[in-house]
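With this note's numbering, the residue at position 35 of the sequence shown is 35, and numbering never jumps. Just so it is clear, CB atoms sit at the ideal spot from N, CA and C, and this is done for glycine as well. Note that the coordinates shown come from a computational prediction; the quantities given were computed from them, not determined experimentally. Worksheet: one structure, shown below.
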Amino acid sequence: MIDEISAGGIVFFKNNILMLKKFNGDWVLPKGRVEENESLKETALREVYEETKAKVIPIKYLGKISYEFSRTCYLDKIHIRKEVHWYLMMAKNMNCTAQKNEGFVDAKFLPFEKSLTIARYDDERKIIKKAVDDIRFHSYER
């Protein structure tokens, strides 16, 4: 089994969450693998920018999700245990661009409820819900 650690951002602007549409039609949050000598927060900020070009301000650490999956590599099935650390981030504006070289065809800020319904994975829906609850509870500069 291979362990992977990633980090990503739940990016909001006013009452919207930044979502990415993959080539297969799935809507997901921006995230990626931690690089050598990089903190989780640095990874999350880098991945958000690389995948969306959004300019953001980190707000706080929200938590982590863990899951397992299999991937085929050279006819071998590899089992992977993945841990993803999530950060709440506030966008400076709604400017964003999907990066096709990162595997995305669209990037949009969507209303809170819409982002909860279209997110592909249950774990991502849960972390979006946690972010939305936090955003509604606190008075971040929006």
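Take Asp-134, set aside five residues on each side of it, and the residues of its chain with a beta-carbon closer than 8 angstroms to its own are Lys-60, Leu-62, Leu-88, in chain order.
A direct Cα-to-Cα measurement between Lys-129 and Val-105 gives close to 24 angstroms. Here Lys-31 is buried. Its C-beta has 16 or more other C-beta atoms within 10 Å. Spanning the alpha carbons of His-85 and Lys-114 requires a straight line of approximately 23 angstroms. Between the C-alpha atoms of Thr-43 and Ser-6 there is a straight-line separation of about 8 angstroms.
The C-beta distance from Ile-17 to Phe-112 rounds to 6 angstroms, short enough to fall under 8 angstroms.
Taking the Cβ atoms as the reference, Phe-12 lies roughly 7 angstroms from Ala-131, within the contact range of under 8 angstroms.
Of the other Cβ atoms in all chains shown, 16 or more fall within 10 Å of the Cβ of Cys-96; this residue is therefore buried. DSSP, read as helix, strand or coil, puts Asp-3 in strand.
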